[in-house]
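*Asks:* Residue numbers (the UniProt record's numbering): 1 to 483. Glycine residues also receive a C-beta, built at the ideal position from the N, C-alpha and C atoms. Owing to the predicted nature of the structure, the values given are computational and were not obtained by experimental measurement. Please find one structure pasted underneath; my questions will follow.
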Amino acid sequence: MPCTNCNNWQSLTLSQLSYTSTCGWCGLCREMSAIETQIRFLLSTSSGSLVRYFPTLDTFQLFKSSHGPKDRTGAFRPLVLGAVCKTWRSVAWTTPQLWNQPFFDDTIFKNQGRDSLAFEWISRARTLPLELTLRIVQPPSATTITSSPFSFSESRTLEFLQGLTSSASQWKSLDLHMPLNLMDYIVRQVPSWGNIHILTLRPVKIDRPESNLHQLTVQELNINWSQVREATMENLSHEECFKVLSAAKSATKCHFHSVYELRSSSNLVLPLTHPNLRYLSLNSFQNATEKLFSVVTLPNLLQFSFAQQGFQTRFNRHNNPLFAFFQRSRPFQLQKLELLGVILDTEDLKSLLETLPAISHLHLVMPWGLRDHIIGTEFKDPFFRHLAATMLDPGTFLPRLEVLELSYDGVTMHWYGITSIVTSLYGSSDSQDLEYWRRPLKTFRFNTYMSPDEPMHPASRRRIYKLSRAGVQIIRNGDLVVV
1 MPCTNCNNWQ SLTLSQLSYT STCGWCGLCR EMSAIETQIR FLLSTSSGSL
51 VRYFPTLDTF QLFKSSHGPK DRTGAFRPLV LGAVCKTWRS VAWTTPQLWN
101 QPFFDDTIFK NQGRDSLAFE WISRARTLPL ELTLRIVQPP SATTITSSPF
151 SFSESRTLEF LQGLTSSASQ WKSLDLHMPL NLMDYIVRQV PSWGNIHILT
201 LRPVKIDRPE SNLHQLTVQE LNINWSQVRE ATMENLSHEE CFKVLSAAKS
251 ATKCHFHSVY ELRSSSNLVL PLTHPNLRYL SLNSFQNATE KLFSVVTLPN
301 LLQFSFAQQG FQTRFNRHNN PLFAFFQRSR PFQLQKLELL GVILDTEDLK
351 SLLETLPAIS HLHLVMPWGL RDHIIGTEFK DPFFRHLAAT MLDPGTFLPR
401 LEVLELSYDG VTMHWYGITS IVTSLYGSSD SQDLEYWRRP LKTFRFNTYM
451 SPDEPMHPAS RRRIYKLSRA GVQIIRNGDL VVV
């Protein structure tokens with residue numbers, strides 16, 4: 001017997017769909033059922049997100065690629081994605097890759113209840129390896145009664161840190177920027193750090209003496225150093241940095257910043273050869289460079305950076321530890337060399353660079369008189385005079401140099417100076433035969449102060465246009481110059 005809809009189906013309204021019953025065997029009812037299914041599908045998707053149409057794996061990759069940097073600006077990116085709509089929130093909340101880079105700073109302690117939110121954040125990463133960043137720049141109060149709404153007690157801080165250590169087995173990358181006593185507390189709470197691949201320790205210097213009673217040492221870190229691939233140390237002694245190099249035999253990158261020398265340091269340090277290290281960065285060393293350069297051998301370096309901020313280090317021509325380091329290491333594959341705040345004799349610098357034929361990126365401090373260079377005249381600085389003279393036939397002197405980077409903070413640089421330097425160094429040649437021997441230097445980077453509103457003279461604009469037609473790139477403070 002036909003159903004009740006078969007006789008007068010034209011009067012059916014959308015509101016009656018949920019109460020419609022069909023017999024299932026007559027053609028009209030089957031058609032009505034198909035229409036109902038289609039209407040319901042359109043109703044459910046008309047106000048939904050397009051994300052639901054993407055394959056699941058593609059959706060996860062899309063959300064993961066939107067992850068921000070490891071700082072406060074990118075810390076809340078997963079919450080921003082979840083706030084778009086219900087569908088986005090459902091995907092974001094179930095994508096562990098969005099939650100495995102937790103970033104916690106002082107604000108986690110400012111309001112009650114945020115501790116639990118931090119632990120919930122970590123739980124959403126499930127079993128993925130964690131890249132944890134902790135930045136506690138403001139020292140906590142030693143008392144439980146805080147003196148201002150922006151301070152927090154040390155007991156709450158230690159309780160929170162203790163809770164974090166429960167996930168220590170998942171830590172793959174650890175970045176600690178906090179007072180030394182808090183860092184020391186974490187070290188002692190974690191019995192073993194077996195999976196750390198990237199380690200960053202940046203103790204915060206504070207005035208409270210009770211916060212500096214314990215000296216953190218490499219021996220206290222229960223780390224499986226064979227797993228460490230990258231290490232960054234700040235505000236530690238040069239002896240501890242040397243111990244890191246000795247322990248992390250598998251590390252390919254090491255960055256040492258603001259390294260000081262202990263008064264009671266021992267002069268007896270055994271020679272060290274590290275065959276796996278590819279990138280070494282040394283910044284702001286205090287009277288410890290000669291010791292390090294005299295005992296370390298790094299034969300497979302690809303990048304080497306040495307920078308002194310606020311003062312310059314002069315190496316004696318007849319007893320040059322930096323030159324001896326490169327002579328001993330012989331890193332023939334070195335591609336990038338940065339020497340900032342270093343005073344070297346011109347002949348020593350030329351000899352050094354001739355032993356490093358693979359350098360493609362050279363970063364130096366800009367000499368004082370370079371900004372006043374006039375096109376058509378020789379450079380006053382002997383090193384740059386030699387660099388310009390060997391442009392068409394470099395021989396063994398920087399034959400593969402592609403990028404020249406110049407930095408100087410104390411001088412205002414004008415457009416005329418930049419175009420004069422580049423034009424004189426790059427030169428010009430109409431002979432195609434010389435292009436085969438020509439040094440491949442076509443990228444010039446300038447890191448120096450320049451007024452953002454300074455107009456460009458038409459002559460400078462024409463020079464930059466001509467250079468760009470030849471394939472030359474001029475980059476000023478990170479921005480490509482385009483005319």
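Taking only the alpha-carbon atoms, compute the straight-line gap between residue 303 and residue 397 and give it to the nearest angstrom.
*Replies:* Locating residue 303 in the sequence shown gives position 303, counting from the first residue. Locating residue 397 in the sequence shown gives position 397, counting from the first residue. About 18 Å.
*Asks:* For residue 402, which residues in the same chain have their Cβ closer than 8 Å to its Cβ, ignoring the five residues on either side in sequence?
*Replies:* As a working note, residue 402 is residue 402 in the sequence shown. So the qualifying residues of the chain are 360, 361, 440, 441, 442 and 443.
*Asks:* Do residue 379 and residue 405 count as a contact pair if the criterion is CB distance below 9 Å?
*Replies:* For the purposes of this step, residue 405 is taken as the residue at position 405 of the sequence shown. For the purposes of this step, residue 379 is taken as the residue at position 379 of the sequence shown. No, Cβ-Cβ distance for residue 405 and residue 379 is not below 9 Å.
*Asks:* Using beta-carbon positions only, say whether residue 79 and residue 101 come within less than 9 Å of one another.
*Replies:* Taking the sequence shown and counting its residues from 1, the one referred to as residue 79 is at position 79. Taking the sequence shown and counting its residues from 1, the one referred to as residue 101 is at position 101. No, Cβ-Cβ distance for residue 79 and residue 101 is not below 9 Å.
*Asks:* Mapping DSSP to helix, strand and coil, what is residue 380?
*Replies:* Along the sequence shown, read from residue 1 onward, the residue named residue 380 stands at position 380. Looking at residue 380 - three-state DSSP - the assignment turns out to be coil, as it is neither helix nor strand.
*Asks:* Rounded to a whole number of angstroms, what is the C-alpha to C-alpha distance between residue 355 and residue 181?
*Replies:* By one-based count along the sequence shown, residue 355 stands at place 355. By one-based count along the sequence shown, residue 181 stands at place 181. Cα to Cα, the separation comes out at about 45 Å.
*Asks:* Return the residue from the list 137, 383, 133 and 474 that minimises the CA-CA distance to residue 364.
*Replies:* On the sequence shown, position 364 is the one that residue 364 refers to. Taking only the C-alpha atoms, the option nearest residue 364 is 383.
*Asks:* If you follow the alpha helix (DSSP H) that residue 329 is part of, which residue opens it and which one closes it?
*Replies:* Here residue 329 is taken as the residue at index 329 of the sequence shown, counted from 1. Element bounds for residue 329: 321-329.
*Asks:* For residue 205, count neighbouring C-beta atoms within 10 Å of its own C-beta (all shown protein chains included) and say buried if the count is 16 or more, exposed if not.
*Replies:* Sequence index remark: in the sequence shown, residue 205 carries index 205 (1-based). Exposed.
*Asks:* Does the distance between the C-beta of residue 385 and the nearest non-hydrogen atom of the ligand MN fall short of 8 Å?
*Replies:* The ligand MN is absent from the structure shown, which contains no ligand whatsoever.
*Asks:* With a 10 Å radius around its C-beta and 16 neighbouring C-beta atoms as the bar for buried, classify residue 83 as buried or exposed.
*Replies:* Translated into positions along the sequence shown, residue 83 becomes position 83. It counts as exposed.
*Asks:* Taking 9 Å as the cut-off, decide whether the C-beta atoms of residue 280 and residue 257 are in contact.
*Replies:* The residue you call residue 280 lines up with position 280 of the sequence shown. The residue you call residue 257 lines up with position 257 of the sequence shown. The answer is no: Cβ separation not under 9 Å.
*Asks:* Provide the residue(s) that pair with residue 257 in DSSP beta bridges, ordered along the chain.
*Replies:* Taking the sequence shown and counting its residues from 1, one reaches residue 257 at position 257. DSSP lists 234 and 283 as partners of residue 257.
*Asks:* DSSP state of residue 164, grouped into three classes?
*Replies:* On the sequence shown, residue 164 is found 164 positions in, with the first residue counted as 1. Three-state DSSP puts residue 164 in a helix.
*Asks:* Identify whether residue 485 lies in helix, strand or coil by the three-state DSSP scheme.
*Replies:* Beyond the ends of the chain as shown, which are 1 and 483, falls residue 485; an answer cannot be given.
*Asks:* Taking residue 518 as the reference, which of 462, 476 and 261 has the closest Cα?
*Replies:* The question about residue 518 has no answer, for the chain in this structure spans 1 to 483.
*Asks:* List the DSSP bridge partners of residue 407.
*Replies:* Position 407 of the sequence shown, counting from 1, holds the residue named residue 407. DSSP, once it has assigned bridges, lists 365 and 447 as partnering residue 407.
*Asks:* If you reduce the DSSP assignment to three classes, tell me which class residue 127 lands in.
*Replies:* Here residue 127 is taken as the residue at index 127 of the sequence shown, counted from 1. In this structure, residue 127 counts as coil in the three-state DSSP scheme.
*Asks:* Thinking residue 196 and residue 164 are a contact (beta carbons under 8 Å), I'd like their distance in whole angstroms, please.
*Replies:* Translated into the one-based positions of the sequence shown, residue 196 becomes position 196. Translated into the one-based positions of the sequence shown, residue 164 becomes position 164. Wrong, their Cβ atoms sit about 14 Å apart, outside the cutoff.
*Asks:* Round the Cβ separation of residue 284 and residue 338 to the nearest angstrom and send it over; I've been treating them as touching at under 8 Å.
*Replies:* As a working mapping, residue 284 is identified with position 284 in the sequence shown. As a working mapping, residue 338 is identified with position 338 in the sequence shown. In fact, because the Cβ distance is near 14 Å, the residues do not count as touching under 8 Å.
*Asks:* Tell me the rounded alpha-carbon separation between residue 417 and residue 308.
*Replies:* Here residue 417 refers to the residue found at position 417 of the sequence shown. Here residue 308 refers to the residue found at position 308 of the sequence shown. Spanning the two alpha carbons is a distance of roughly 25 Å.
*Asks:* How is residue 90 classed by DSSP in three states: helix, strand or coil?
*Replies:* Counting from one through the sequence shown, the residue named residue 90 turns up at place 90. Looking at residue 90 - three-state DSSP - the assignment turns out to be helix.
*Asks:* Let me know if residue 222 comes out buried or exposed under the rule of 16 or more other beta-carbons within 10 Å of its beta-carbon.
*Replies:* Within the sequence shown, residue 222 is the residue found at index 222, counting from 1. Residue 222 is exposed by the Cβ-count criterion.
*Asks:* Let me know the secondary structure DSSP gives residue 394 once reduced to three states.
*Replies:* Taking the sequence shown and counting its residues from 1, one reaches residue 394 at position 394. If DSSP states are grouped into helix, strand and coil, residue 394 belongs with coil.
*Asks:* Buried or exposed, going by whether 16 or more other CB atoms sit within 10 Å of the CB of residue 509?
*Replies:* Given that the chain is displayed from residue 1 to residue 483, the structure contains no residue 509 and the question cannot be resolved.
*Asks:* Quick one: is residue 456 near chain D, going by C-beta distance under 9 Å?
*Replies:* Included in the structure is just one protein chain, with no chain D present.
*Asks:* Can you tell me which of 295, 300 and 332 puts its alpha carbon nearest to the alpha carbon of residue 322?
*Replies:* Walking along the sequence shown from the start, residue 322 turns up at place 322. Among 295, 300 and 332, the Cα nearest to that of residue 322 is on 295.
*Asks:* Using the Cβ count rule (16 or more neighbours within 10 Å means buried), how would you classify residue 484?
*Replies:* With the chain covering 1 to 483 only, the question about residue 484 has no answer from this structure.
*Asks:* Put residue 335 into one of helix, strand or coil per three-state DSSP.
*Replies:* For this step, residue 335 is matched to residue 335 along the sequence shown. Looking at residue 335 - three-state DSSP - the assignment turns out to be coil, as it is neither helix nor strand.
*Asks:* Looking at the unbroken beta strand (DSSP E) that takes in residue 305, where does it start and where does it end?
*Replies:* Sequence index remark: in the sequence shown, residue 305 carries index 305 (1-based). Note, residue 305: beta strand (DSSP E), 303-307.
*Asks:* Quick one: Cα of residue 426 to Cα of residue 191, how far?
*Replies:* As a working mapping, residue 426 is identified with position 426 in the sequence shown. As a working mapping, residue 191 is identified with position 191 in the sequence shown. Whole-angstrom Cα-Cα distance: 58 Å.
*Asks:* Give the range of the beta strand (DSSP E) segment to which residue 138 is assigned.
*Replies:* For this step, residue 138 is matched to residue 138 along the sequence shown. Here residue 138 belongs to no beta strand (DSSP E), and DSSP marks it neither H nor E.
*Asks:* Write down the C-beta distance between residue 104 and residue 118 rounded to the nearest angstrom, noting that I regard them as a contact closer than 8 Å.
*Replies:* Locating residue 104 in the sequence shown gives position 104, counting from the first residue. Locating residue 118 in the sequence shown gives position 118, counting from the first residue. Residue 104 to residue 118, Cβ: 6 Å. Contact.
*Asks:* For residue 485, does the three-state DSSP call read helix, strand or coil?
*Replies:* A question about residue 485 goes unanswered here, because the residues of the chain that appear run from 1 up to 483.
*Asks:* Return the chain-ordered list of same chain residues with a C-beta closer than 6 Å to the C-beta of residue 413, the five sequence neighbours on each side being excluded.
*Replies:* Walking along the sequence shown from the start, residue 413 turns up at place 413. 371, 448 and 450, listed in sequence order.
*Asks:* By the three-class DSSP mapping on this structure, what secondary structure does residue 227 have?
*Replies:* The count along the sequence shown starts at 1 and reaches residue 227 at position 227. Residue 227: helix per DSSP, three-state reduction.
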